[in-house]
Amino acid sequence: MDGTNENQSTPSMEPGASLAKARESSGMTREQVATKLHLSARQIEALEANRYEDLPEAPYVRGYIRNYALLLKIDDQSLVAAFNLIQDEVKKTIEIKQSAQAQVNTRKPDGAMIKMAGVGAGVGAVVVLVVIALISIFNGDDKQSESAQTNTTDTRVEEPASDFASQLSGIDGVVTDADIADQAGTDIATDGESSVAPEAAATNAADKEAVTNNATTTGNASTGEQTVLPASTNIEAVTDSDADIAAPENKAVSQLVLYVEKDSWADVRDVSNKKLVYETIPGGRVVTLEGQPPFKVFIGNAKAVKLFYNGQEFDISPYYRGLVARFTLK
Numbered sequence: 034m035d036g037t038n039e040n041q042s043t044p045s046m047e048p049g050a051s052l053a054k055a056r057e058s059s060g061m062t063r064e065q066v067a068t069k070l071h072l073s074a075r076q077i078e079a080l081e082a083n084r085y086e087d088l089p090e091a092p093y094v095r096g097y098i099r100n101y102a103l104l105l106k107i108d109d110q111s112l113v114a115a116f117n118l119i120q121d122e123v124k125k126t127i128e129i130k131q132s133a134q135a136q137v138n139t140r141k142p143d144g145a146m147i148k149m150a151g152v153g154a155g156v157g158a159v160v161v162l163v164v165i166a167l168i169s170i171f172n173g174d175d176k177q178s179e180s181a182q183t184n185t186t187d188t189r190v191e192e193p194a195s196d197f198a199s200q201l202s203g204i205d206g207v208v209t210d211a212d213i214a215d216q217a218g219t220d221i222a223t224d225g226e227s228s229v230a231p232e233a234a235a236t237n238a239a240d241k242e243a244v245t246n247n248a249t250t251t252g253n254a255s256t257g258e259q260t261v262l263p264a265s266t267n268i269e270a271v272t273d274s275d276a277d278i279a280a281p282e283n284k285a286v287s288q289l290v291l292y293v294e295k296d297s298w299a300d301v302r303d304v305s306n307k308k309l310v311y312e313t314i315p316g317g318r319v320v321t322l323e324g325q326p327p328f329k330v331f332i333g334n335a336k337a338v339k340l341f342y343n344g345q346e347f348d349i350s351p352y353y354r355g356l357v358a359r360f361t362l363k
């Protein structure tokens, strides 16, 4: 009796073997299955070999197994349940290994701790001696440096500033304050002596009249400042353009409603790529989602799902890809 029960439970623990056997019975190749499920042949091979580490996250693998089973017309629920058992065992094994490793890392032999303490004390003593020696050296250097700085300061105080400036003025490439003042006076005098040709003056006068006739002048009574602005039509155009740029676009919240007849995987994300739903929805449930469009929608077992967008039914049949549907709602 025990042998019979063990043989019956073994296939349920290996969903990949059940899928491979059913595929071979149907006469289909891995490439044909991959084409129908919109997966790669390598992913189909990993599913059949139970190499789940080569596949995406567990929710995706559940969807792959369910769609594969529905394609082969075999029981999908038992295969998904077997996969869940395997995942639970893997999680327990990982937790046990992590716990054991943490305990090993926290344990330290007493002898090693004593040895480390002795080494630390020796190193500390050496460091203290080195610090004391450095302090003594630095104190001597500081005293010498202070005396040198005192002598230098006294020498600089005795030297007049005017003599220093006069010495610099005779060196090529050195500019003093007096040179700067002389250069500024020369520039001002040059500007005052410059003249404008009669033709240029006439042209400037004509340009000023044109600007006065084709522009609106606004002033400030208190300061006397004036600002020349374009014509009134241009002012309105600029104002409208600025208003369009400044006005933020207010996107209303949209609503999606999923009517699920049979178990189906659903992945819906809003404009910020936030997951509004990311799970297998049991059959018979109605799921209401709200967010800002556009929405990225991926539905497994799509023929068993109806979608209403902002109160109106949205036909997803044009987006069928085998048993799944992928599209974007704007």
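Just so we're aligned, residue 34 is where the sequence shown starts under my numbering, counting upward by one.
Built from N, CA and C at the ideal position, the CB exists for glycine as well.
Just so it is clear, the structure is predicted and the values come from calculations on it, not from any experiment.
Boundaries (first-last residue) of the alpha helix (DSSP H) holding Glu78: To locate residue 78, count along the sequence shown from 1; it is residue 45. From DSSP, the alpha helix (DSSP H) with Glu78 extends over 74-81.
8 Å Cβ shell around Ile165 - same chain, five flanking residues per side excluded: Within the sequence shown, numbered from 1, the residue matching residue 165 stands at position 132. Excluding sequence neighbours, Ile165 sits near nothing in its chain.
Cβ-Cβ distance between Val357 and Asn100 below 8 Å: Reading the sequence shown from its first residue, position 324 is the one you call residue 357. Reading the sequence shown from its first residue, position 67 is the one you call residue 100. Yes, the pair counts as a contact, with Cβ atoms nearer than the cut-off.
Leu118 Cβ short of 7 Å to the ligand ADP heavy atom set: This structure simply doesn't include the ligand ADP, nor any ligand for that matter.
Nonlocal neighbours in the same chain, by C-beta distance under 6 Å from Glu81, ignoring five residues either side: Your numbering for residue 81 matches position 48 in the sequence shown. These residues qualify, in order along the chain: Gly49, Leu52, Ala53.
Per-residue burial, Arg84 [other beta carbons within 10 Å of its own, 16 or more giving buried]: Here residue 84 corresponds to residue number 51 of the sequence shown, with the count starting at 1. Residue burial annotation: Arg84 is exposed, with fewer than 16 other C-beta atoms found within 10 angstroms of its C-beta.
Where the beta strand (DSSP E) containing Lys427 begins and where it ends: This structure gives no information on residue 427, because the portion of the chain shown stretches from 34 to 363.
Host beta strand (DSSP E) of Arg95 (start-end): As a working mapping, residue 95 is identified with position 62 in the sequence shown. Arg95 -> not in any beta strand (DSSP E); alpha helix (DSSP H) instead, spanning 91-105.
Length of the line joining the Cα atoms of Ser301 and Ala337: Here residue 301 refers to the residue found at position 268 when the sequence shown is read from its first residue. Here residue 337 refers to the residue found at position 304 when the sequence shown is read from its first residue. The question names Ser, but residue 301 in the sequence shown is Val. Taking the straight line joining both Cα atoms gives about 16 Å.
Counterpart residues of Gln345 in DSSP-defined beta bridges: As a position in the sequence shown, residue 345 is number 312, starting the count at 1. In DSSP, Gln345 forms a bridge with Tyr342.
7 Å Cβ shell around Ala222 - same chain, five flanking residues per side excluded: Here residue 222 corresponds to residue number 189 of the sequence shown, with the count starting at 1. Because the pLDDT at Ala222 is just 39, under 50, the model does not fix this residue reliably, and the point stays unresolved.
Identified DSSP bridge partners for Gly333: Along the sequence shown, read from residue 1 onward, the residue named residue 333 stands at position 300. Paired residues: Val357.
Counted within 10 angstroms of its Cβ, other Cβ atoms place Arg75 as buried (16 or more) or exposed: For the purposes of this step, residue 75 is taken as the residue at position 42 of the sequence shown. Under this definition Arg75 is an exposed residue.
Burial state of Ala79 (16 or more Cβ within 10 Å): By 1-based counting over the sequence shown, the position of residue 79 is 46. The residue is buried, with at least 16 neighbouring Cβ atoms inside 10 Å.
Beta strand (DSSP E) segment containing Ala285, residue limits: As a working note, residue 285 is residue 252 in the sequence shown. Looking at the DSSP string, Ala285 is not in any beta strand (DSSP E), and its letter there is neither H nor E.
In DSSP terms, what Ser59 is bridged to: As a first step, residue 59 is located in the sequence shown; it is residue number 26 there, counting from the start. Ser59 pairs with nothing; no bridge assigned.
Own chain partners of Tyr97 with C-beta closer than 8 Å, once the 5 adjacent residues on each side are dropped: If you number the sequence shown from 1, residue 97 lands on position 64. Closer than 8 Å at Cβ, skipping near neighbours: Leu70, Leu72, Gln76, Leu80, Leu88.
8 Å Cβ cutoff met for Asn334 and Lys295: By one-based count along the sequence shown, residue 334 stands at place 301. By one-based count along the sequence shown, residue 295 stands at place 262. Contact: yes.
Counted within 10 angstroms of its Cβ, other Cβ atoms place Arg354 as buried (16 or more) or exposed: Taking the sequence shown and counting its residues from 1, the one referred to as residue 354 is at position 321. Result: exposed.
Local Cβ density within 10 Å of Ala115, reported as buried at 16 or more and exposed below that: For the purposes of this step, residue 115 is taken as the residue at position 82 of the sequence shown. So Ala115 counts as buried.
8 Å Cβ shell around Glu312 - same chain, five flanking residues per side excluded: Position 279 of the sequence shown, counted from the start, is the residue given in the question as residue 312. Correct list, in chain order: Pro92, Trp298, Ala299.
Where Leu262 falls: helix, strand or coil (DSSP): Indexing the sequence shown from 1 puts residue 262 at position 229. In this predicted model, Leu262 has a pLDDT of only 43, less than 50, meaning its place in the structure is not dependable enough to derive any value.
Cβ distance (whole Å) where Leu289 is taken to contact Leu340 below 8 Å: Your numbering for residue 289 matches position 256 in the sequence shown. Your numbering for residue 340 matches position 307 in the sequence shown. Between Leu340 and Leu289 the Cβ distance is about 7 Å, and since that is below 8 Å, they are a contact.
Three-state secondary structure (DSSP) of Gly157: Your numbering for residue 157 matches position 124 in the sequence shown. Looking at Gly157 - three-state DSSP - the assignment turns out to be helix.
Residue(s) in a DSSP beta bridge with Ala299: On the sequence shown, residue 299 is found 266 positions in, with the first residue counted as 1. Its beta-bridge partners are Glu312, Ile332.
Counted within 10 angstroms of its Cβ, other Cβ atoms place Ile129 as buried (16 or more) or exposed: Your numbering for residue 129 matches position 96 in the sequence shown. With fewer than 16 Cβ atoms within 10 Å of its Cβ, Ile129 is classed as exposed.
Distance, Glu346 Cα to Glu90 Cα: Taking the sequence shown and counting its residues from 1, one reaches residue 90 at position 57. Taking the sequence shown and counting its residues from 1, one reaches residue 346 at position 313. Rounded to whole angstroms, Glu90 to Glu346 spans 31 Å at the Cα level.
For Thr321: DSSP bridge partner residues: In the sequence shown, counting from the first residue as 1, residue 321 sits at position 288. BP columns for Thr321 point to Val290.
Residues of its chain near Arg359, where Cβ-Cβ distance is below 6 Å and the 5 sequence neighbours each way are ignored: By 1-based counting over the sequence shown, the position of residue 359 is 326. Answer for Arg359: Phe331, listed in chain order.
Straight-line gap, Leu103 to Asp109 (C-alpha atoms, nearest Å): Taking the first residue of the sequence shown as 1, we reach residue 103 at position 70. Taking the first residue of the sequence shown as 1, we reach residue 109 at position 76. For Leu103 and Asp109, the distance between alpha carbons rounds to 6 Å.
C-beta atoms of Ala55 and Leu118 nearer than 8 Å: Locating residue 55 in the sequence shown gives position 22, where the first residue counts as 1. Locating residue 118 in the sequence shown gives position 85, where the first residue counts as 1. Against a cut-off of 8 Å, the Cβ pair of Leu118 and Ala55 comes out as no contact.
Own chain residues within Cβ distance below 6 Å of Glu86, not counting five before or after: The residue labelled residue 86 in the question sits at position 53 within the sequence shown. Closer than 6 Å at the Cβ level, and outside the excluded window around Glu86, lies no residue.
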